[in-house]
Each structure stands twice: as structure tokens, then as C-alpha cells.
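Protein chains: 2
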Amino acid sequence: MPMPHHFRTLFYPKSVAVIGASHTPGTVGYSLLQNVLQQGYTGKVYPINIKGGTILGLPVKRQISHVTELIDLVIIAVPAQFVPTVLEEAGQKGVKAAVVISAGFKEIGKKELEDQLVTVAEKYDITLIGPNCLGFINPEIMLNASFANIMPKAGNIAFMSQSGALCSTVLDYAKSMGLGFSKFMSIGNKACIGELEILEYLYHDPKTSVIMMYVEELEEAQKMIALAREITHGKKHKPILMLKAGRTAAGSQASQSHTGSLGGSDAAYSALCAQSGIIRVDTISELFDLAECFSENTLIKGNKVAVITNAGGPGVLVTDEISSKGLELAQLSPETINHLSKHLPQSANTHNPIDILGDAKADRYDLAIQAVAADQNVDGIILILTPQAMTEIEATAKIIISHRKKIKKPLIITFMGDQSVQKANTLLNNAGFTTTTFPEPAAKALAMMNYFRNWIKVRELSGYRFSDVHSEKVNKIIDQELKVDNRVLNVEISSKLLAEYGFTVLKSRMIENDDQARRAASTFFQPVVLKIVSPDINHKSDVGGVELNVSPHDIPRKYKEVLARVKANQPRARLLGIQAVEMVESTGLDLILGMTTDPKMGKLIAVGLGGIYTEVLKDVAWGIAPLNKYDTDRMIHSLRAHPIFDGLRGEPPLDTDELTKMLGRLSQLAMRFPQIKEIDMNPVRILPEGEGVKVLDARVVLFD
Amino acid sequence: MPMPHHFRTLFYPKSVAVIGASHTPGTVGYSLLQNVLQQGYTGKVYPINIKGGTILGLPVKRQISHVTELIDLVIIAVPAQFVPTVLEEAGQKGVKAAVVISAGFKEIGKKELEDQLVTVAEKYDITLIGPNCLGFINPEIMLNASFANIMPKAGNIAFMSQSGALCSTVLDYAKSMGLGFSKFMSIGNKACIGELEILEYLYHDPKTSVIMMYVEELEEAQKMIALAREITHGKKHKPILMLKAGRTAAGSQASQSHTGSLGGSDAAYSALCAQSGIIRVDTISELFDLAECFSENTLIKGNKVAVITNAGGPGVLVTDEISSKGLELAQLSPETINHLSKHLPQSANTHNPIDILGDAKADRYDLAIQAVAADQNVDGIILILTPQAMTEIEATAKIIISHRKKIKKPLIITFMGDQSVQKANTLLNNAGFTTTTFPEPAAKALAMMNYFRNWIKVRELSGYRFSDVHSEKVNKIIDQELKVDNRVLNVEISSKLLAEYGFTVLKSRMIENDDQARRAASTFFQPVVLKIVSPDINHKSDVGGVELNVSPHDIPRKYKEVLARVKANQPRARLLGIQAVEMVESTGLDLILGMTTDPKMGKLIAVGLGGIYTEVLKDVAWGIAPLNKYDTDRMIHSLRAHPIFDGLRGEPPLDTDELTKMLGRLSQLAMRFPQIKEIDMNPVRILPEGEGVKVLDARVVLFD
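As you go down the protein sequences, you meet chains P and G in turn. Add 46 to a position in the first sequence, counting from 1, and you land on the number used in my numbering. Add 46 to a position in the second sequence, counting from 1, and you land on the number used in my numbering.
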């Protein structure tokens with residue numbers, strides 16, 4: 047258990063020292079002091095610079111030890127090599143919180159220097175942000191401990207970014223959107239404090255109700271999932287929005303095994319988000335739209351949306367977006383329709399989307415918004431205004447604002463246009479309304495809100511625990527293989543290992559010579575498949591290495607045939623023998639199941655459509671171990687082939703229940719035996735309901 | 047051949063009469079006159095109103111016949127019922143162009159009134175826009191013949207919209223983006239002039255180089271494809287951008303047949319665009335980004351993009367977008383890299399994306415933009431600026447502007463932020479640069495440009511023509527069926543019809559009684575499949591209506607068995623008999639091929655993955671007949687299952703060539719016999735290369 051961090055001291059310091067405060071305007075050291083001093087912070091401020099003198103009217107101390115008063119927070123901007131020393135001095139003085147702006151550490155290969163820094167921070171129990179960051183802002187107390195020169199409005203959004211550069215842009219956008227922040231920070235190299243620690247703090251921070259993250263790389267996926275789940279799913283359920291950079295580059299690191307080649311770490315990030323309730327967005331503008339929507343609205347209570355518009359076209363466009371994003375157009379109540387019909391012109395559309403016509407003035411908006419706000423069938427509202435000849439743009443904004451308190455459901459307002467609607471948008475933003483420039487993003491934001499609503503309703507988030515497993519026997523198998531320095535377990539041993547852990551594996555014998563072939567003939571009582579075993583052959587049937595439907599007494603003869611055939615086709619392949627496996631009925635569907643280890647994200651579990659379609663259709667779902675029932679259900683449901691499982695066109699439904707458990711079992715195996723690097727079960731045949739799931743072929747790979 | 051339209055008179059009139067000019071400020075009739083008079087138009091203007099008097103200082107004539115001078119264009123805004131009469135008067139006076147603003151025609155069910163209008167327009171050979179529209183604007187001569195009160199800049203973009211309301215919004219956005227228009231129009235009910243006529247005009251309009259369309263519904267897909275192809279693919283190749291509203295609602299009209307149920311008219315619109323080179327966008331903001339990009343840049347010459355940024359994060363985000371949209375990061379030339387390395391700080395990234403670091407001033411942008419603009423390996427440029435402490439926002443804009451003429455490749459500029467970058471964005475927009483608020487859309491716009499570049503390179507756009515077909519025999523079959531009032535042709539007759547048109551159909555016999563069963567036994571020389579034939583059964587195997595691998599001599603016995611089994615399972619189904627079809631080898635892949643008729647779009651051709659996957663994976667591609675080689679190739683390549691065709695994991699490649707031709711043949715059949723409503727070939731087995739494609743089961747449906 048690590049010591050609790052001094053986040054309170056960090057974000058709410060009573061006194062701040064700027065170490066490396068500079069005399070030269072325009073430099074970082076100068077800007078930092080200026081920002082702390084001149085943006086409303088009321089605590090004590092001490093500039094520190096070895097040269098002494100006066101900056102911005104304040105006397106400069108040459109060292110922090112020369113300050114006689116207590117100091118809560120130090121902001122450090124001296125050259126990298128001096129940072130550990132000045133931090134040591136701060137520690138000696140009893141400082142408990144630090145922000146290191148200085149760059150020149152791990153990011154340019156100086157990991158040792160960064161390690162030194164961590165050592166000092168740990169020695170003095172200092173909560174340290176950075177190094178190589180922009181700093182942070184706490185608008186609540188007007189403290190700008192960063193070198194970004196904008197002080198955002200105080201509000202309920204927390205923002206953390208792995209990119210400092212993005213921060214200035216975010217502040218600029220936020221200002222024009224009227225977004226308010228609880229905490230705003232750039233976390234740099236994350237030497238001491240990373241996303242996990244910050245999230246933990248923000249969860250308990252009463253000022254924060256929405257969390258925005260810009261992420262380039264995460265570690266410790268398992269911890270992140272557990273913590274994020276607590277945050278997004280607990281009683282307080284704060285939404286977390288994540289923009290992850292580097293979606294595509296990662297895909298290039300395809301591994302050799304089937305399982306590995308289908309994913310790439312982006313699939314892992316998606317799984318992480320899906321399992322933890324984190325809402326993943328794809329673009330910067332989505333991040334903003336959604337943050338604003340969550341920040342300014344109560345959570346949507348259902349998926350029924352009403353649209354009010356003075357133009358048919360945008361109404362149709364937003365309807366498209368609504369229905370393609372899992373929302374529905376609300377069926378307005380008869381009272382609403384009657385009320386609208388009575389007061390709107392005859393040619394208005396009083397059904398949803400409500401078209402109040404191009405000549406609508408503010409009064410029609412007034413009527414419509416009040417009606418849908420009161421309609422129980424409506425969960426969320428999108429209001430669209432196009433500036434036409436008769437349109438009262440600002441008056442309409444004012445009327446909407448006058449209903450602020452009465453509207454108890456999410457409302458997103460799109461005044462379509464630029465200059466002609468700018469004033470109205472400013473009014474609306476200042477009054478705390480969510481606005482978008484175009485109508486489509488409004489629907490998307492409500493859809494994501496609805497996704498979050500569904501997430502917090504999920505009940506079962508506890509993990510699987512299977513007791514019908516023989517861990518000691520699995521251990522023994524692993525030890526034996528390691529003893530002979532083998533990492534890639536052959537199919538027989540792989541099957542045995544899986545069988546010990548409760549998987550249903552087909553009866554199988556490894557045949558390495560004629561003698562074993564004869565013995566195998568008397569072991570089986572029904573037809574078998576013969577398959578070549580070779581570390582050099584990935585696709586056995588391509589080289590004639592598979593023989594179907596061999597009667598037990600035929601095994602010795604066919605054994606020789608297959609061997610000869612493969613030798614002829616692949617003279618240089620090392621052939622370790624032939625595996626005989628009992629035949630399985632051809633009903634059901636072939637799948638692929640696998641586990642692979644991602645160095646950053648941990649144990650990834652995959653399930654997908656097997657056979658020829660695996661590579662072509664890439665219909666694969668990913669999860670991060672440990673998996674729970676919600677996760678395994680999500681994985682199976684997200685397969686495009688999923689309807690086949692429910693029984694299609696007279697085919698019997700398949701044993702989805704057993705498949706679900708199998709994923710849970712695979713997850714448990716992966717967690718219990720971290721020394722297993724990869725498991726590839728391909729194919730796995732899912733049989734009709736009640737008949738189980740059988741592993742037809744398997745390979746287990748251990749770590750070096 | 048219709049008479050040529052008087053578009054020149056319409057868009058460039060020397061004199062304009064506003065019929066229904068109103069005395070009351072704020073009304074449409076007043077605004078119209080005001081817009082024609084006060085926005086710079088230098089022609090003669092005549093207000094017409096039955097009441098006479100003076101409006102805006104002009105004497106009002108009571109009737110158009112009272113005007114003694116010639117009138118080129120009339121703008122009509124009198125109540126609907128009077129429109130035909132005033133148009134008649136205008137016609138008598140020799141007016142050749144009209145815009146009817148008045149609403150109250152077909153859109154509220156008054157089709158007859160609209161027909162009257164058309165009759166008058168045709169009688170006097172008047173080129174008429176509307177009714178029920180906003181009007182048009184020709185910025186070149188400052189003529190605002192609409193009731194939108196903004197006069198946009200003159201430029202090279204033509205915009206036409208089926209929604210009047212959207213026009214005002216578009217004008218507003220366009221103003222702030224600095225977009226210039228050649229022609230701007232709302233086309234309303236399209237009583238006389240629709241998209242086809244306008245496109246034809248715009249193609250030849252020297253002022254137009256980009257065409258933007260907002261569409262709610264199109265007709266005559268075939269003509270649209272032919273014309274759009276000419277426009278997008280000819281020597282002048284003007285890009286057409288289409289935003290289609292109503293993507294989702296249409297999907298609900300699923301028909302009974304397989305083919306029909308997989309599509310819906312949205313698939314048809316996508317096919318229309320894919321076949322004609324029209325660029326379909328999904329949202330309003332995409333429409334703008336793309337229009338601006340095409341309007342202000344030369345066409346991209348390749349798919350290699352260079353990114354210049356002062357912030358890593360946005361650089362990564364845009365790289366994601368680049369590589370997921372079919373573009374590539376350019377490999378900078380060694381000279382460029384050397385040059386950048388020499389002049390940029392050491393920690394800058396001189397490889398693409400070029401990171402000139404957070405403290406970059408205008409000089410580093412200057413260096414980078416010149417270097418990539420000169421680099422032969424770079425086809426397009428995205429320049430990103432985040433406003434940081436040291437950033438010289440406007441100075442950077444000015445430096446970029448100074449290179450305007452030297453940059454001969456597409457450049458999209460993203461100054462990320464709002465207020466702090468507003469001035470710079472205005473400078474850039476006024477100088478004719480393409481800007482986006484966020485970096486991701488920049489990549490998307492270049493990707494669409496690259497799509498268009500690939501399109502205009504396509505050579506083969508001429509259609510198929512198969513001569514090995516027996517049309518007269520097909521005709522005979524159709525006539526025979528119609529004679530007995532049959533619309534749904536049974537499998538035997540369907541197969542015969544298809545065979546006459548050159549399809550390879552399996553040998554097949556219809557068996558309706560024991561006698562025929564005995565005869566069938568001597569007709570076949572290899573095993574057959576027996577299948578029930580019933581108008582009430584869609585999925586034959588679900589009810590035991592299929593028996594595989596029946597030896598010819600067994601046909602009589604199995605015939606009885608199958609019949610009995612289906613009777614037991616579906617006592618109420620009408621059983622017409624049993625079809626015996628020769629067995630086909632089980633290599634290859636089962637597909638579905640079909641044709642269906644869309645009342646608006648014409649003959650739609652579909653090809654998709656067959657069997658159980660048809661409904662689950664919905665891997666289907668659509669085309670609109672007539673198809674050419676480019677279309678059929680596109681359809682086949684767009685199937686997710688396509689890699690299977692090329693031979694996968696040792697399987698032989700399939701006969702894609704024959705499949706392609708089969709689609710062409712199906713298209714020819716559909717065009718030649720419009721009386722065929724639907725063709726459903728399911729399954730169709732594509733065999734290994736050189737072995738052809740065989741139709742295993744088929745159904746042809748005729749129109750009532």
C-alpha cells in the first residue's frame with residue numbers, strides 16, 4: 047500500500063515557490079511566476095533564482111532554504127541536471143508537493159536522472175507532477191501553476207493530458223465554449239504521478255463530475271480497469287472520456303500466431319474502455335462535444351430523442367444520425383401533439399422531428415421546447431435553428447435560457463451558421479447550455495450519454511472463479527517443459543495442460559514413430575484426424591499435412607503416407623511427428639480462441655470466427671484479463687457472426703453459455719499462470735446448446 | 047431530345063421582374079425585391095403588384111404586360127393559385143426564365159396545380175426553377191434572386207439544395223470560411239428543372255469548378271450516373287460532392303426476397319455515387335471541408351502526405367487519420383531531412399510528421415513549409431499550429447501566405463484553438479487557404495481528394511455487351527408465363543430463362559408426380575439434389591425439403607419421402623412439386639447474386655456471400671444497372687470475403703473473372719427485360735479459376 051499522496055497540498059497550496067523564476071520576460075521561468083502572481087491566486091508567492099534580485103516587484107531568494115515561511119508547493123523550472131538538487135532542498139524544507147516543468151529526462155534518454163528525481167521525491171514523500179510538463183491549473187482558487195497563459199472558468203470538468211502542447215489548445219477552445227474546469231493538468235513523463243493516481247484523486251474530488259483524458263500510452267491495464275470501473279460504475283459514477291492517440295501505428299506489430307496477428311494494441315485499448323466504462327472518442331471535437339454535454343446536462347434517462355427544427359433538411363440529417371447511433375426518435379405523447387397542432391401553423395410537422403417551419407419566430411420555439419420538455423416520452427432534446435429571413439436568433443436564445451431550470455433532460459442546441467449566430471451562441475454558452483455547430487454531433491453526444499446510462503445499469507461486474515481446475519498439474523507440465531528448455535508446447539502437451547484446467551479437449555496422441563503409430567491404433571475406438579506437427583509449418587492442410595477420417599486400424603499406414611507427403615512438399619521443415627485426434631461431429635461452428643500477452647496491457651483474450659473466415663473477415667473480439675460475465679457477454683455479442691449462435695434458419699442454437707464460461711476459464715488460466723505467453727486454440731468447435739465446446743487443436747507458448 | 051434550356055437568361059438576366067413584390071417590409075415579397083435591388087445587381091428591376099403604388103422608390107406595375115421593356119427573368123412570389131396565370135402572362139410577354147418562390151404545390155398534395163405550371167412553362171419554353179424554393183444567387187453579377195439576405199463572395203463553387211432552409215445556413219458558414227460561389231440555388235419541387243438539368247449546365251459553366259449538392263431524393267439514377275460520370279470523369283473532371291439526407295429511414299422497407307432485404311435505397315445511393323464518381327459525404331461539416339479543399343487547391347497527385355506541427359499529440363492524431371483513410375505519411379527526401387536537421391533544433395523531429403517543437407516561432411514554420419513544398423515525395427501537406435507561449439500566430443499565418451504561389455500541392459492548415467487563432471484564420475481564409483478547426487478533418491479531406499484522383503485515372507467505363515444470349519427465347523418464356531398469369535417463375539423455368547441468357551445453370555427437372563419422377567430417373571446420369579418447390583416456403587432445408595446426393599434410380603422413392611416430410615412439417619404450404627438438380631462439386635464458395643427493381647433508382651444488382659453468412663454478415667455489394675467492368679470489379683473488391691477469391695491458405699484462386707462477367711450479364715438481362723422485377727440466384731457457386739460459376743438455384747419474378 048503506497049502512502050497517500052498530498053494532492054490537497056498540490057492543488058490547494060497556501061504558498062508557492064517558483065524555482066527558476068526568470069528575470070527575462072517571455073521565458074518559461076518568467077511566465078510561470080507571472081501566471082501564479084497575476085491571475086488571481088491569493089496565496090503567498092516566492093520567486094527563487096540563484097542570481098537573486100527582484101522579479102515582477104518581488105524580492106528573489108537565492109535558495110528555497112532562504113525562505114523562512116512554510117512552502118506548500120514548488121514549481122521547478124531549472125535546467126534538468128539541477129532538478130534533483132533543488133527538489134532535495136525543497137524536501138529538506140518540508141515541501142510536500144512539486145511540479146517539475148523542466149524537460150530533459152526520460153524523454154531524451156536520461157532515465158537515470160529521472161530515477162534520481164523519483165528517489166528524492168520518495169525520500170521526502172513529495173507528490174510530484176512531471177517532469178517535462180506544462181503544469182496544472184486550479185481555477186477554483188485561480189492558481190495557474192503552468193506556463194499556459196489562459197485561466198479557464200471554474201467548473202466541473204477535470205482534464206489531464208499526456209501532451210502539454212494540446213493543453214493550450216484545449217484552454218482556447220474551452221474558453222469559447224464556456225467550459226469550466228475543476229482541475230486542468232499536463233502530466234508529462236509521469237515519473238511519480240500517473241493517470242491512476244490522478245483518477246483516484248479526481249474520483250473523490252467533489253468539484254469534479256466529468257473527467258477528460260488525452261492519452262498516448264497507458265500501462266497497468268488491469269489496475270486502470272479496476273479503478274475506472276469504480277469511478278464510472280460506483281454510486282457517484284463520473285464519466286471518463288478518453289482520446290487515445292496512436293490508433294493505427296500499433297497495428298503494425300503483428301505477431302506470428304493467429305491470435306496475435308489479429309489485434310494490435312489498439313484492440314486492447316478498446317477492450318480496456320469497454321470493460322471499464324471509459325468512453326472512448328475518436329477526435330478532439332468529439333472529446334469537447336461530449337465533455338460539454340456531460341458537464342452541463344443531467345444524465346439522459348432513456349434513448350428517446352425529440353428534435354425541434356425550423357428546417358426540414360437538418361431535421362432529416364439529425365434523424366439519420368439518431369437512428370444510426372442507437373437512439374430513437376421519441377413518440378410524442380398525444381397531449382404534446384395536440385398542443386403543438388393547436389398552436390403551430392397547419393403545415394408544421396407536429397410529429398417528431400418537430401418542424402416549426404422556416405418562418406418560425408421565437409414564440410414557436412418557446413411553445414415547442416416547453417411541450418417536449420414536459421413530455422414524459424422524451425429523454426433528450428436536440429433543438430436546431432437555421433437563420434432565415436424571419437428568424438429571431440437572439441430572442442430565441444433568450445427564450446430558451448428563460449426555461450433553463452424547467453428543462454430537466456439533456457438539451458443540445460444547434461444554431462446553424464457562423465457570424466449570424468455567434469452572439470446567440472455566446473448567450474447560450476454563458477447560460478450553461480450545450481451547443482454544437484452542426485446537428486450531427488449533437489446526436490452523437492446524446493448517443494454516448496445513452497451508452498453511459500446503459501453502462502451504469504450493468505449489474506454483474508464480478509469475475510469468474512472456476513474450482514474444477516488442477517493448477518498443480520498445470521504447474522507440473524509447465525515446469526517439465528521449462529526443465530527441457532522448451533517454450534512452444536506441442537499439441538499433445540498443450541491439450542493436456544488445457545484439459546487439466548477444465549477445457550474439453552479432443553482425445554489426442556502424438557505419434558513419432560511406427561511403434562507409437564501401432565499403439566495409437568489400439569488407443570482410439572473411432573475415426574481420427576492425422577495432422578503433421580512441425581515448428582516450421584503454420585498451415586498444415588496447405589502442405590498435405592492433414593488426413594481426415596482415418597479408421598484406428600489404418601493409423602500406422604496413413605501415418606507413413608502423411609509424413610511422406612509433407613516431406614515431399616516441404617523438404618526443409620522439421621517434422622516432429624504426427625498428431626492423431628478423434629473426429630468430432632461436423633455440426634456447430636468453428637471458432638478461434640486465444641490469449642496473448644501485451645507488454646503494456648497484460649493478458650489479452652480473443653474469440654473469433656474460425657476457419658477460412660478468421661483471416662478474411664477478422665471477426666474477432668478482444669478482452670483484457672481478468673474477465674467477468676459482462677465482459678465475456680460483450681465479447682460474444684460484438685462478433686458479427688453472433689446471430690449464428692442463437693440458431694439461424696432452423697439450425698439449433700449453439701452452446702453460447704459454455705463458450706462464455708470458456709472465455710472466463712481462459713482468463714482465469716491466464717491470470718493464474720503469468721508464465722504462459724500465448725495460447726492458441728484453433729479451431730474450437732461450439733456445438734449445439736447443451737453439448738459444449740470442444741478444443742480441436744491447441745498450442746501453448748511459455749515465456750523465455 | 048428536349049429543347050435547350052435558357053440557363054444563360056436565367057442566371058445572367060439583363061432585366062428582372064419581381065411578381066408579387068410587397069409593400070410590407072419583412073415579407074418575402076418585399077425581401078425579394080430588396081435583395082435584387084440592393085445587393086449590387088446592375089440590370090433593370092421591375093416590381094409587379096396588382097395593387098400598384100411604389101416600393102423601395104420604384105413605381106409598381108399592376109401586371110407584367112404593363113412593362114414596356116423586355117424582361118429576361120421573373121421572380122414569382124404570388125399565392126400558389128395565381129402562379130400559372132402570372133406565368134402565362136410572362137410567357138406571353140416573351141419571358142424565358144422564371145423562379146417560382148411560392149409554396150403550395152405538390153408538397154402539400156396539389157399536384158394538379160403544379161402540372162398546370164409545368165404546362166405553361168412548356169408552352170412558352172420557359173426555364174423554371176421551383177416552385178417552393180428559396181431562389182438563386184449569382185454572385186458574379188451580384189444578382190440575389192432569393193430571399194436569403196446574404197450575398198456570398200464570387201468563386202468557383204456551385205451549390206444546389208433540395209432544402210431551402212439549409213441555404214441560409216450554408217451562406218453563413220461560407221462567409222466565415224471565405225468560400226466563393228459561382229452559382230447558388232435552391233431547387234424546390236423540381237417541377238421543370240432538377241438536378242440533371244442543373245448539373246448539365248454547371249458542367250459547361252466556366253465559372254464552376256466544384257459542385258456541392260444537398261439531396262433528399264433523386265430519380266432516374268441511370269441518367270444521373272451517365273451525366274455525373276461525364277462531369278467527374280471527362281477532361282474537365284469537376285468534382286461533385288453530395289450530402290444525402292435520409293440514410294437510415296429507407297432501410298426499413300425490406301422486401302421479402304433475399305436480395306431485397308439486404309439493401310434498401312441507401313445502398314442504391316452509395317452505388318450511384320461509387321459508379322459515377324460523385325463523392326458522398328456524411329455530414330454538413332464534411333461537405334464544407336471538402337468543398338473548400340477542392341475549391342482552393344489543385345488536385346492531389348498522390349497519397350503521400352507531410353505533416354508539420356509544433357505539438358506531438360495532434361501530430362499523432364492526424365497520423366492515425368492519415369493511415370486509416372488510405373493515405374500514407376510521405377517519406378521525406380534525404381535533402382529535405384538534411385535541410386531540416388541543419389536548421390531545426392536538435393530535439394525536433396525532422397522525419398514525418400515534422401515536429402518543430404512547442405517553442406517554434408514563425409521562422410521554423412517558414413523553413414518547414416518551404417522544404418516540404420519543394421519535396422517531390424510529398425503530395426499534400428497538413429500544417430498544424432497549437433498556440434503556445436512562444437507561438438507567433440499571426441506572423442506564421444503571414445509567412446504561409448507569402449508562399450501562396452510557390453505551393454503547388456494541396457495544403458490544409460489547422461490552427462488549433464478558437465479566439466486566439468481567429469485573426470490568423472481570417473487572414474488565411476482571405477488569402478485562399480483551406481483551414482480546418484481540428485486536424486482530423488484535414489486528413490479526411492485529403493483522403494477524399496485522393497479518392498477523386500484515383501477515380502479520374504480509371505480507364506474502363508464502357509459497358510458490357512454479351513452476344514451469346516437468346517433474347518427471343520427469354521421473351522417467349524416471359525410471354526408464356528404472363529399468358530397463364532404467373533409472376534413468380536418456378537425454379538425450372540427460372541433456370542431455363544437464365545440458361546437462355548448465357549448463365550451456367552445446373553441441369554434440373556421439375557417433378558410433379560410419380561410418372562415424372564420415374565422419367566427423371568432416366569434423365570440424370572449422376573447424383574442429384576431434390577428440393578421442394580413451394581410458393582410458401584422460403585428456406586427449404588428448414589422444413590426437410592432438401593435431400594442431398596440422391597442416385598438417379600433412387601429419385602422416385604426419395605421424391606415421395608421428401609414430399610411426405612414437408613407435408614408433415616408444413617401442412618398448409620402449397621407444394622408444387624420437387625425439383626431435381628444435378629450435384630455440383632463442393633469446392634469453391636457459395637454466393638448470392640440478385641437483381642431487384644427500385645421504383646426510383648432502377649435495376650439494382652447485388653452480389654454477396656451466400657449460405658448461412660448471407661444474413662449474418664450481410665457481406666453484400668450493390669450496383670445500379672447498367673454495370674461496366676469498373677463497377678463489377680468494384681463490387682467484387684468491396685466484399686469483405688474478397689480475399690477468399692484470390693486463393694487463401696493453399697486453396698486455389700476462384701473464377702473471379704467469370705463472376706465479374708456474370709454480374710455484367712445480369713446487368714444486361716435486367717436492362718434488356720424491364721418486365722423482370724426480381725432475380726434471386728441463391729446459391730451460386732464460384733469454382734476454381736477456369737471452371738466457371740454455376741447457378742444452383744434461382745427464382746425470377748415478373749412485374750404485375
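Heads up, the beta-carbon is just placed ideally off N, CA and C, and yes, glycines get one too.
Keeping to the same chain, check which residues put their C-beta closer than 7 Å to that of Lys-542 (chain P); ignore five residues upstream and five downstream.
-> Ile-523
Inter-residue CB distance, Ile-257 (chain G) and Leu-242 (chain G) (contact presumed, cutoff 8 Å) | Rounded, the Cβ-Cβ distance is 13 Å, inconsistent with contact.
Have a look at P:His-599, P:Ser-587, P:Asn-496 and P:Glu-631 and flag the residue whose alpha-carbon is nearest the alpha-carbon of Gln-616 (chain P).
-> P:Ser-587
Leu-102 (chain P) versus P:Ile-430, P:Gln-80 and P:Ala-477, residue with shortest Cα-Cα distance = P:Gln-80
Under 8 Å (Cβ pairs) to chain P, residues found in the segment 200 to 216 of chain G = Ser-207, Gln-208, Ser-209, Gly-210, Ala-211, Leu-212, Ser-214 and Thr-215
Can you tell me which of the three DSSP states Thr-165 (chain P) falls into?
-> helix
My guess is that Ile-427 (chain P) and Ile-446 (chain P) are in contact by the Cβ rule of under 8 Å, so how many angstroms apart are they, rounded?
-> 10 Å between Cβ atoms; not a contact.
How would you call Thr-131 (chain P), buried or exposed, if buried means at least 16 neighbouring beta carbons within 10 angstroms?
-> exposed
Top-ranked residue by Cα proximity to Lys-454 (chain G), from G:Lys-347, G:Leu-535, G:Val-537 and G:Ser-369 | G:Lys-347
Let me know the alpha helix (DSSP H) ranges lying completely inside the segment 535 to 573 of chain G, each 4 residues or longer, listed in chain order.
-> 537 to 546 and 560 to 569
Element boundaries [alpha helix (DSSP H), containing Leu-363 (chain P)] | 358 to 370
Give the secondary structure of Leu-742 (chain P) by DSSP, where H, G and I count as helix, E and B as strand, and everything else as coil.
-> coil
Within the segment 118 to 158 of chain P, note down every full beta strand (DSSP E) run reaching 3 residues or more, in order along the chain.
-> 119 to 122 and 143 to 146
Beta-carbon spacing of Val-166 (chain G), Glu-186 (chain G) below 8 Å = no
Are the CB atoms of Val-653 (chain P) and Leu-639 (chain P) nearer to each other than 8 Å?
-> yes
Where the segment 460 to 472 of chain G meets chain P: residues whose CB sits under 8 Å from a CB there = Met-462, Gly-463, Asp-464, Gln-465, Ser-466 and Val-467
Distance between Ala-211 (chain P) and Leu-406 (chain G) (C-alpha atoms, nearest Å) = Here residue 406 (chain G) is Ala; the residue named in the question, Leu, does not match the sequence. So the two alpha carbons sit approximately 12 Å from each other.
What residues in the segment 332 to 363 of chain P bring their beta carbon closer than 8 Å to a beta carbon of chain G?
-> Asn-356, Ala-357, Gly-358, Gly-359, Pro-360, Val-362 and Leu-363
Given a threshold of 16 other Cβ atoms within 10 Å of its Cβ, counted over all protein chains shown, does Phe-549 (chain P) qualify as buried or as exposed?
-> buried
What residues are listed by DSSP as bridge partners for Trp-668 (chain G)?
-> G:Ala-652
Note down, in chain order, every chain P residue with its Cβ under 9 Å from the Cβ of Glu-262 (chain G).
-> Gly-358, Gly-359 and Val-362
Using a Cβ cut-off of 8 Å (strictly closer), state whether Lys-613 (chain P) contacts chain G.
-> no
Measuring CA to CA, which of G:Leu-709, G:Leu-663 and G:Tyr-219 is closest to Pro-689 (chain P)?
-> G:Leu-663
Name the DSSP bridge partner or partners of Gln-625 (chain P)?
-> P:Met-556 and P:Lys-577
Would you tell me roughly how many angstroms separate the C-alpha atoms of Val-592 (chain G) and His-250 (chain G), rounded to the nearest one?
-> 60 Å
Using 8 Å as the limit for Cβ to Cβ distance, is Ser-77 (chain G) near chain P?
-> yes
Note down, one range per segment and in chain order, each beta strand (DSSP E) of at least 3 residues found wholly within the segment 665 to 718 of chain G.
-> 666 to 670
Contact list for the segment 361 to 392 of chain G against chain P, Cβ threshold 9 Å = Gly-361, Val-362, Leu-363, Thr-365, Asp-366, Glu-367, Ile-368, Ser-369 and Ser-370
Are the C-beta of Asp-600 (chain P) and some C-beta of chain G separated by less than 8 Å?
-> no
Ordered along the chain, which non-local residues of its own chain (more than five positions away) have a Cβ less than 6 Å from that of Ile-430 (chain P)?
-> Thr-355, Pro-360, Thr-460 and Pro-485
Please work out which residues of its chain come closer than 6 Å, Cβ to Cβ, to Ser-341 (chain P), disregarding the five sequence neighbours upstream and downstream, and give them in chain order.
-> Asn-202, Ile-203 and Val-256
Out of P:Tyr-170, P:Lys-199, P:Val-91 and P:Gly-155, point me to the one whose CA is closest to Asn-178 (chain P)'s CA.
-> P:Gly-155
Within the same chain, show all residues whose beta-carbon is closer than 6 Å to that of His-516 (chain P), passing over the 5 residues directly before and after it, in chain order.
-> Glu-546
With distances taken Cα to Cα, identify the nearest neighbour of Gln-422 (chain P) among P:Tyr-411, P:Pro-433, P:Ala-376 and P:Asn-395.
-> P:Ala-376
Is any beta-carbon of chain P found at less than 8 Å from that of Ala-126 (chain G)?
-> no
So what does DSSP say about Pro-602 (chain P), is it helix, strand or coil?
-> helix
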